[in-house]
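J.:
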Amino acid sequence: MEKLLEVRGLKKYFALNKGLFSKGSTIIKAVDDVSFDLKGGETLGVVGESGSGKSTVGRSILRLIEPTAGEVNYKGENILSLKGESLRSFRKNAQMIFQDPYASLNPRMRVGDAIIEPILSHNLMSRGDAIDKAVELLEKVGLDKDYFDRFPHQFSGGQRQRIGIARALGLEPEVIVADEPVSALDVSVQAQIINLFKDLQEEFGFAYLFIAHDLSVVKYLSDRIAVMYLGEIVELCKKEELFENPMHPYTKALISAIPKPDPRIKEKRIILKGDIPSHSNPPSGCKFSSRCYCVMDICKEKHPELIDYNGHKVRCHLFSKGGENNGEISSKENC
Amino acid sequence: MKKRIISILLVLVLVVGMLAGCSSGQSSEEPGKQEEGDKFGGTLNIGTFADPDTLNPLVGNDMAGSWILNLIYPTLMVLDENGIKQPYIIEEPEISEDGLTVTVTLKDGFKWQDGTPLSSDDLIYTYETLYEHQLQWQYEVLEGVEMKAVDEKTVEFKLSKPFPTFITTLGFWQRIVPAHIWSEVEDVKTFTNDNPVGLGPFKLTEYERGQYYVLESVEEWPLSPEGRPYLDKVVYKPYPDVNTMVLALKSGDIDLTAKEIPVAAARELENEEGFTVEQNVSLGYEHMAINLREPLLQDVKVRTAMAMAIDKSKVIDFAFDGDGIEMTGIISPVYEQFQIGNDLPSYDVEGAKKLLEEAGYKDTDNDGILNAPNGENLSFKVIFANTVTEHEKMARVLVDQMKEIGIELIPDPMDKALQTDKLYNTHEWQLTINTWGILDDVDSSVSTLFYSTAPLNWMGWKNDVADKAMDEMKSSLSEEITMKNMDIFQKEIIADLPDIPVFVKKLNFAYSNDFAGFKMFPSNLKGLVDPQSLQQVYKVK
Amino acid sequence: MSKEKRYEKEVKAFLSHRLGMIGLIGVAILILIAVFAPFIAEPVSGYGEYEEKLLPPSSKYWFGTDDMGLDLFSQVIWGTRSSIRVGIIAVFIAISIGVPVGLLSGYYKGLFDTIGMGLTEIFLTIPMLPLIIVTAAVLETTSINTVAFIIGIFSWPSIARITRSTALKICGMQYLEAAKCLGIKTSKIIFKHILVNASTPIFVNLTIIMATSIITESAISFLGLGDPLAHSWGKILNNAHLSGAFGTAWWFSLFPSIAIMIFVVSFNFLSMGIRDALNPRISRE
Amino acid sequence: MGKYLQKRIVKGIITFFITITLTFLIVRLMPADPTTMLMDNRLTVAQQEQMLEDFGLDKPLPLQYVSFLGNLFKGDLGLSFMQKRPVMDIIKERLPWTLLLMIVTQAITLLIGIPLGVYSGYRRGSKIDHFINGISIFGISIFVPWLGFTLLYIFGYQLKMFPVGGAFTPGIEQGLPYILDVIKHLVLPVITLVFLYLANYVLYTRGSIIDVLSEDYIRTARAKGLKEKDVLWKHATKNAMIPTVTSAGMMLGSMVGGAVLTETVFAYPGVGRMIYQAVGQQDYPILQGAFIILALSVIIMNIVTDILCAYLDPRIKLE
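Chains as they are written, first to last, in our numbering: chain P, 1 to 335; chain G, 1001 to 1541; chain S, 2001 to 2285; chain E, 3001 to 3319.
What follows is the structure, encoded as structure tokens:
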């Protein structure tokens, strides 16, 4: 399939000013040199702990925040150079589903108005048609059409997320960035919403950039998965490949954290020590070195490159020389 | 808890510190003067409306200041109870027959408050300084005048042309300063004169700006009945709000009002025991002036009709609560001797209507306002200062009265400075309600108002016959010539009516009956606080 | 069915708020008086009868007469009109400056915020009444409208602050990001999302501006800097003050003072009622 | 702390600079020539021009501005048109009285307002709450000159309890009699101003106590079994005071407005009355000077209250 979205060298740095009179500032690298592609109809899962920069990537693609550097090409056009009206009209191609269904709807706006508002704003159709379309969309996401005149506070979280999805669908986008769309929902509801995503993708054929903080959510939906740590992609490959043959120690840790359906299967869980380090003061060398259970001397000195290992990309010194195990760490478990 | 206590303590320390800081005014309690007679002793508290702008008698010319400064620096000439200027600290001035030499002799027994005797040098110094620095408006009077000290007490003035009111003008308005002190002053214009050394019956001993001015009686004041003022002290206290001032009088915080009090308050105090209300008359009058540059107002018939439409008694009733005297001519009834009988057109609404009709003014568009032959409405804006309440009320009455004859007046109250600017500089006005201030020396002051080139003639009135009459009056040495020209002038101005005089204010002043001996002098500039009055006021025991 | 429900709780809370209801009734009465002034009292102008000057209240003159022999009841009634007019103009000006400044500061942030909030702080720093006095003196003609205009010019900072803080709060909300992401026009975002949410606090603030503008107008008129031809309560007090009747004719100053008090109290109570009703923490369950 | 202070001061300086520029311009925007008022009607043209020159008003506006700023740095606010004395001297005479009036008013208003606000917030929705709010709102609704005059009439004239106007009796003995005399003169104007500003503090405190009482640490304190009295008056009040103190700094500007009317009615020799008089006389240098000094005081007060708040509330980080 053709490439819908090409992300190249995306960076987002924040400067933290220290004070009015003190010179200089600390640079926070929230996203540091992230590149990936998204093909039409495909689902790319992005996984990482909070603070890994995954949401920043999603928001940068939609220009909700301005990246510091890099390119985001949509069908060959760099959207980072879009401005004003052309940016606004690009937006109908790519939509976002937000994490918090309670906060992503204006409490003072009726559900119907919330759905037709973007349609009208892009002059896609007349008001009457938009209302018809909104009713249709409500039904499509599994809501009663009588809900049209209600206010968001009369709905449950799952219902609201459905409204949010209907709202995004109104613009008939080709790409949907779903930023932890189910993490705020009850577990029972999560599955329903994920199924809705799946069904809608089958019906409309759009591509998902599906952001989540653990692998269990993206496992079902994704075609490929990218694992992020401290603003960098540390591993990126097909879903099956990732689960069968995880290369990066961090990925392994994440996989081991997935609850197993059968508690009798005793697989040793890898516990990462410590918290995710501060962005303003990341470890030198490999950013994961401070928590890595396979850490080597080189890891603290040299920052590893992302290496393509037969389509399986990984950023780890364990594989830096053509993917050979350096031997040094073989004594350690799980490495 | 501790923090709260600390903060309270902090506030208290601040307050106490401030109190200590404010108390810089030195205490002035002196051992009481020896009683020399029954009437001696006592402190008179006087309510005033503001602080003096300055204590520098060469610069200051505000009313609140002159009440205080006149007690410290008395003028050569003063008004008597009838508004006629009389010598005060000088003997009757001598004017030579050709009118070119004026000789002034100081009375005996006056000393500056530092003990130095008053001499002719002080007079000459004051006038020379005035002329050199172009201070006040009086300096113009000294143009081309030569001064010579004949002796310690006598000064001779040589004028370049006859000016019969030379010394009354200069002597009435200009206060004298001591040469031995002022010659040391660096810049007389900005000198603040914080510790004035005066000449008068009272000396300023202590003051706190914004609060009080304590004046103590001098030991010797020859013009007092018993050689010095009866009072020990006179204290001026400024009350910016007249209601508070009246209340202070009623509650005994003050004993006398230097400023006139509103009629409503006067009526109330009259009925209250323990207070006396006295009236005097203003030396000026309230009038409505007409801008003769305005095309519609150039028709004398319109002006005459307007004069006929004014019911002056109604205006007085409402604008000044009935406390006024109608103006019958251009000269105030206060100066009866100059009223020749060239009276203003009397109140006659029907006559006014007829006059306008005959002149061709008709209400052609049926809006209730007469139209000129060219179709324009007889509609005029009348400007006045928004802070002068009697003018605002006068405007309300005049609007009604002009409506009667089909002329529309639109009241346009404005800032005083803006009104002055329009009258003097831009000439963008049609009618204005205003006051002529103190018209001393009628024969010469009419020319400051009505001479074709006078700055105050903002009406733009130009009448050659009247100009000539005013010229002759100004330099006239005989009463006959003066009165003949006065007649000509009055005939001309009544015929032309560039200005419609309306009424003279009667002013109310009140004092506590704990004090007696007051003498009333005309105008609010003098009233009961003229030195001639206070030098003999005493406390009733 | 569900349309009205959103405010049901708040309306109930307001209705049971004693002071708020007193305020609402007061404001309603004042508006009625202003609207129906011609049916309540004849307007007075010019001057009355000499014999009827400064009469105390009687069955003929309920509030007595002033120093021009004019009925004070009529003046107070017609003064309601001036007061409401002043309030509305001041409020209008305050909104039309305060809301844009607040929006620019809160929505666009950056330089706009620095300038906008700097200006706001300056306007809050400068002692307002003296400056209004000077500004009133600057203007050539002081009609009641210009006085109201000046008051409005100095009343916007509170509106700007509230609009800004609401805008800031809403800008941090996800639904605004959602709206942006959906490509909704900025103008619509500002009006439908930010302003609709800011409307209640702005309204509460406006009732207070309404009240303070009357106090300020009265102070300006009292100092003789207002519209000398208007029938405003401040002007009546100014007449009472200048005629020296403060201490002699109590009715002259009492009734306009009471009118001012009713006006200010009503609007303050109303705003308090609304605020309390909207703040769920205040109404005890 | 240092940085916070620096930032606050720089902000203050900028505010001050803009304020004085605004003042400079407004004063010069007056429609009539500013010297018109001081021109005696009989002054000659030469004298008028001399006068303009004396006050530097003949120069072009930018030049006037430069010299205005230059003089300001030297603490020179120019000469009063009417009094022909340095404006600085005139303000120095008046400012202490206004400050005295305001500090005493502020202190009393806070002392009464905070407890009332705390109590009505604690008993929110009750009769006593409505009563306290109602009374304090009535306070701000009374027309100040009328209230002032009524107080003077009753307590000054009828009951003779207090003097009718002024700040102290001339010739009063130094020391305690002087202080008592000053206090006697202070009572009525302070009562007037307290009435005027009480509502602000009551309502502010009430609002913040309601917020504070619903916070977790209050619940914790209650759960720990602390006495209700202590919870309210110690824990809650301390935190509720912060917004009130902040508003106290802001209030200073509006207090000057009340001072104009109050000082005029009570013949109190402060800055407010000076402003009233200067407006009447169109004495622009005085007005200009008064604004500059007042703006400066308000700015300094704001900085002080900000720091005070930071001191009271450790949660505000001085960064």
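Glycine included, every Cβ here is placed at the ideal spot set by N, Cα and C.
To the nearest angstrom, how far is it from the Cα of Val1300 (chain G) to the Cα of Trp1182 (chain G)?
T.: Taking the second sequence and counting its residues from 1, the one referred to as residue 1300 (chain G) is at position 300. Taking the second sequence and counting its residues from 1, the one referred to as residue 1182 (chain G) is at position 182. Each residue's alpha carbon lies about 54 Å from the other.
J.: Leaving out five residues before and five after Gly285 (chain P) in sequence, what residues of the same chain have Cβ atoms less than 7 Å from its Cβ?
T.: Numbered from its first residue, the first sequence carries residue 285 (chain P) at position 285. Correct list, in chain order: Cys299, Lys300, Glu301, Lys302, His303.
J.: Under 8 Å by Cβ, that's how I've got Val57 (chain P) and Val46 (chain P) pegged, so tell me the actual separation to the nearest angstrom.
T.: As a working mapping, residue 57 (chain P) is identified with position 57 in the first sequence. As a working mapping, residue 46 (chain P) is identified with position 46 in the first sequence. Indeed, because the Cβ distance is near 7 Å, the residues count as touching under 8 Å.
J.: Using 10 angstroms around the beta-carbon of Ser2232 (chain S), count the other beta-carbons present and answer buried if the total reaches 16, otherwise exposed.
T.: Mapped onto the third sequence, residue 2232 (chain S) falls at position 232. Answer is buried; the Cβ neighbour count reaches 16.
J.: Listing by chain order, which chain G residues have their CB less than 7 Å from the CB of Gln3277 (chain E)?
T.: As a first step, residue 3277 (chain E) must be located in the fourth sequence, where it is residue number 277. What Gln3277 (chain E) touches in chain G: Ala1050, Pro1240.
J.: Consult DSSP for Lys1189 (chain G) and reduce its assignment to one of helix, strand or coil.
T.: For the purposes of this step, residue 1189 (chain G) is taken as the residue at position 189 of the second sequence. Lys1189 (chain G) falls in the coil class under three-state DSSP.
J.: Name the one or two DSSP bridge partners that Trp1436 (chain G) has.
T.: Indexing the second sequence from 1 puts residue 1436 (chain G) at position 436. Partner(s): G:Tyr1285.
J.: Is the distance from the Cβ of Asp2113 (chain S) to the Cβ of Leu2104 (chain S) below 9 Å?
T.: Counted from its first residue, the third sequence places residue 2113 (chain S) at position 113. Counted from its first residue, the third sequence places residue 2104 (chain S) at position 104. Yes, these two residues count as a Cβ contact at 9 Å.
J.: Could you check which residue in G:Trp1458, G:Ile1090, G:Glu1357, G:Asp1441 has the C-alpha nearest to that of Thr1548 (chain G)?
T.: For chain G, the structure presents residues 1001 to 1541; residue 1548 (chain G) sits outside this window and is missing.
J.: When DSSP labels each residue in this structure, what does Gln1086 (chain G) get in the three-state scheme?
T.: As a working note, residue 1086 (chain G) is residue 86 in the second sequence. In this structure, Gln1086 (chain G) counts as strand in the three-state DSSP scheme.
J.: Could you list which residues in chain E have their beta carbon closer than 9 Å to that of Asn2197 (chain S), in chain order?
T.: Taking the first residue of the third sequence as position 1, residue 2197 (chain S) is located at position 197. Neighbours of Asn2197 (chain S) on chain E: none; closest Cβ ~20 Å, over 9 Å.
J.: Helix, strand or coil for Ser330 (chain P)? Go by DSSP, reduced to three states.
T.: Mapped onto the first sequence, residue 330 (chain P) falls at position 330. Caution applies to Ser330 (chain P), whose pLDDT of 44 falls short of 50 and renders its modelled position unreliable; the model cannot decide the point.
J.: Let me know the secondary structure DSSP gives Lys3198 (chain E) once reduced to three states.
T.: Looking up residue 3198 (chain E) in the fourth sequence gives position 198. One detail in the question is off: residue 3198 (chain E) reads as Leu in this sequence, not Lys. Reduced to three states, the DSSP call for Leu3198 (chain E) is helix.
J.: To the nearest angstrom, how far is the alpha carbon of Leu2055 (chain S) from that of Lys3084 (chain E)?
T.: Position 55 of the third sequence, counting from 1, holds the residue named residue 2055 (chain S). Position 84 of the fourth sequence, counting from 1, holds the residue named residue 3084 (chain E). Their backbone Cα atoms lie some 46 Å apart in a straight line.
J.: Could you work out which residue in S:Leu2225, S:Val2076, S:Tyr2047, S:Met2272 is closest to Pro2201 (chain S) when comparing CA atoms only?
T.: Here residue 2201 (chain S) corresponds to residue number 201 of the third sequence, with the count starting at 1. Ranking S:Leu2225, S:Val2076, S:Tyr2047, S:Met2272 by Cα distance to Pro2201 (chain S) puts S:Met2272 first.
J.: Which value, in whole angstroms, describes the spacing of the CA atoms of Asn1082 (chain G) and Ile3191 (chain E)?
T.: Here the question's residue 1082 (chain G) lines up with position 82 in the second sequence. Here the question's residue 3191 (chain E) lines up with position 191 in the fourth sequence. About 48 Å.
J.: Can you tell me whether DSSP reads Gln1536 (chain G) as helix, strand or coil?
T.: Along the second sequence, one-based indexing puts residue 1536 (chain G) at 536. Gln1536 (chain G): coil per DSSP, three-state reduction.
J.: Does DSSP put Leu1100 (chain G) in a helix, a strand or coil?
T.: Within the second sequence, numbered from 1, the residue matching residue 1100 (chain G) stands at position 100. Coil.
J.: Return the Cβ separation of Thr3305 (chain E) and Thr3246 (chain E) in integer angstroms, given the expectation that the two are a contact with Cβ distance under 8 Å.
T.: Within the fourth sequence, numbered from 1, the residue matching residue 3305 (chain E) stands at position 305. Within the fourth sequence, numbered from 1, the residue matching residue 3246 (chain E) stands at position 246. So it is a contact: roughly 6 Å between Cβ atoms.
J.: For Val3256 (chain E), would you say it is in contact with chain G, using Cβ-to-Cβ distances shorter than 9 Å as the test?
T.: On the fourth sequence, position 256 is the one that residue 3256 (chain E) refers to. Answer no: the Cβ-Cβ gap between Val3256 (chain E) and chain G never drops below 9 Å.
J.: Could you have a look at Val2011 (chain S) and say whether DSSP puts it in helix, strand or coil?
T.: Against the third sequence, residue 2011 (chain S) aligns to sequence position 11. If DSSP states are grouped into helix, strand and coil, Val2011 (chain S) belongs with the helices.
J.: Based on DSSP bridge pairs, tell me the residues matched to Ser1379 (chain G).
T.: On the second sequence, residue 1379 (chain G) is found 379 positions in, with the first residue counted as 1. BP columns for Ser1379 (chain G) point to G:Glu1408.
J.: Residues in its own chain within less than 8 Å of Met1470 (chain G) by CB, not counting five upstream and five downstream?
T.: Counting from one through the second sequence, the residue named residue 1470 (chain G) turns up at place 470. The residues are Val1446, Ser1447, Phe1450, Tyr1451, Asn1485, Phe1489.
J.: Between which residues of its own chain and Cys1022 (chain G) is the CB-CB distance below 8 Å, once the five residues before and five after are set aside?
T.: Position 22 of the second sequence, counted from the first residue, corresponds to residue 1022 (chain G). Residue placement at Cys1022 (chain G) is poorly supported in this model, since its pLDDT is 43, which falls under 50; the coordinates still yield a value, given next. Hits under 8 Å: none found.
J.: Rounded to whole angstroms, what's the CA-CA distance from Glu3049 (chain E) to Asp3058 (chain E)? Just pull it up for me.
T.: The residue labelled residue 3049 (chain E) in the question sits at position 49 within the fourth sequence. The residue labelled residue 3058 (chain E) in the question sits at position 58 within the fourth sequence. Near 8 Å, if we compare the C-alpha coordinates of Asp3058 (chain E) and Glu3049 (chain E).
J.: Using the rule of at least 16 other Cβ atoms within 10 Å of the residue's Cβ for burial, across every protein chain shown, is Val2265 (chain S) buried or exposed?
T.: As a working note, residue 2265 (chain S) is residue 265 in the third sequence. Result: buried.
J.: If we define contact as Cβ-Cβ less than 9 Å, is Ala3199 (chain E) a contact residue for chain S?
T.: Here residue 3199 (chain E) corresponds to residue number 199 of the fourth sequence, with the count starting at 1. For Ala3199 (chain E), the answer is yes, since a Cβ of chain S falls inside 9 Å of its Cβ.
J.: Counting only beta-carbon separations shorter than 9 Å, does Gly2268 (chain S) have a partner in chain G?
T.: Sequence index remark: in the third sequence, residue 2268 (chain S) carries index 268 (1-based). In the sequence as presented, Gly is not what sits at residue 2268 (chain S); that position holds Asn. No, no contact with chain G.
J.: I think Leu64 (chain P) touches Lys2180 (chain S), with their Cβ atoms under 8 Å apart; what is that distance to the nearest whole Å?
T.: Here residue 64 (chain P) refers to the residue found at position 64 of the first sequence. Here residue 2180 (chain S) refers to the residue found at position 180 of the third sequence. Correct: roughly 6 Å between the Cβ atoms.
J.: State yes or no: is the beta carbon of Ala1264 (chain G) nearer than 9 Å to at least one beta carbon in chain S?
T.: The count along the second sequence starts at 1 and reaches residue 1264 (chain G) at position 264. Ala1264 (chain G) counts as touching chain S.
J.: Quick one: residues in its chain with C-beta nearer than 7 Å to the C-beta of Asn2145 (chain S), no 5 flanking neighbours on either side, listed in chain order?
T.: As a working mapping, residue 2145 (chain S) is identified with position 145 in the third sequence. Around Asn2145 (chain S): Ile2089.
J.: Please list the terminal residues of the continuous alpha helix (DSSP H) segment that includes Ile3135 (chain E).
T.: One-based indexing of the fourth sequence puts residue 3135 (chain E) at position 135. Note, Ile3135 (chain E): alpha helix (DSSP H), 3127 to 3141.
J.: Along the chain, where does the beta strand (DSSP E) that runs through Met1077 (chain G) open and close?
T.: Against the second sequence, residue 1077 (chain G) aligns to sequence position 77. Start and end: 1077 to 1079.
J.: Cα-Cα, which of P:Arg167, P:Lys140, P:Met247, P:Glu42 is closest to Leu318 (chain P)?
T.: Counted from its first residue, the first sequence places residue 318 (chain P) at position 318. The shortest Cα separation from Leu318 (chain P) among P:Arg167, P:Lys140, P:Met247, P:Glu42 belongs to P:Met247.
J.: Of the residues that make up the region 2164 to 2190 of chain S, which ones have a beta carbon closer than 7 Å to any beta carbon in chain P?
T.: From the region 2164 to 2190 of chain S, only Met2173, Gln2174, Tyr2175, Glu2177, Ala2178, Lys2180, Cys2181, Leu2182, Gly2183, Ile2184, Lys2185, Lys2188 have a Cβ closer than 7 Å to chain P.
J.: Please report the Cβ distance between Gly2046 (chain S) and Arg1396 (chain G), rounded to the nearest whole angstrom; I am assuming they are in contact, meaning their Cβ atoms lie under 8 Å.
T.: Taking the third sequence and counting its residues from 1, the one referred to as residue 2046 (chain S) is at position 46. Taking the second sequence and counting its residues from 1, the one referred to as residue 1396 (chain G) is at position 396. That belief holds up - the Cβ atoms of Gly2046 (chain S) and Arg1396 (chain G) are roughly 5 Å apart, short of 8 Å.
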